[in-house]
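This report refers to the structure that appears directly beneath it.
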Amino acid sequence: MDAVPDLDARGMNCPLPLLKLKQRLNQMEVGDRIHVKTTDPGSVRDFAAFAQQVGHIIHEQDHRNGEYLFLIEKLA
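Numbering (my numbering), first residue to last: 3 to 78.
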């Protein structure tokens with residue numbers, strides 16, 4: 003099994019974390035997953051809305067030590 007790639011968007015403010023995620027997802031295949039780290043609280047709302055609109059799945063979401071952590075699967 004291949005390692006899940008990381009996207010480090012810490013220190014970026016809205017809308018950059020979402021834009022970076024979209025860029026990476028465009029390079030990925032359906033079924034691939036990516037770990038995303040951000041420090042922008044708006045990412046929780048932005049990623050959820052984006053995933054719902056496009057059809058991706060957020061498998062994990064956590065908030066630790068000022069960081070927001072996501073595991074997202076590309077489905078569309």
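Cβ atoms here follow ideal geometry from the backbone N, Cα and C, with glycine treated the same way.
Computed from a predicted model, the values in this text were never measured in an experiment.
Cβ neighbours of residue i in the same chain (closer than 8 Å, five flanking residues each side left out)
i	result
Val32	Lys76, Leu77, Ala78
His58	Leu27, Phe52, Ile74, Glu75, Lys76, Leu77, Ala78
Lys22	Leu9, Ala11, Met14
Gly68	Thr41
Leu20	Ser45, Asp48, Phe49, Phe52
Lys24	Phe52
Rounded distance between the beta-carbons of residue j and residue i, thought under 8 Å
i	j	result
Ile60	Ala51	Not a contact, Cβ separation roughly 11 Å.
Lys39	Asp10	5 Å
Buried or exposed (CB count within 10 angstroms, at least 16 for buried), residue i
i	result
Asp42	buried
Residue i Cβ short of 6 Å to the ligand GDP heavy atom set
i	result
Glu31	As presented, the structure is devoid of all ligands, the ligand GDP included, so that no description of it is given.
Cβ-based neighbour list, residue i, same chain, cut-off 6 Å, excluding 5 preceding and 5 following
i	result
Leu18	none
Exercise for review: Please go through the region 45-78 and give each complete alpha helix (DSSP H) segment of 4 or more residues, from N-terminal end onward.
Suggested key: none
Check your understanding: Which full runs of the alpha helix (DSSP H) of 4+ residues lie inside the region 5-49, going along the chain?
Key -> 18-28
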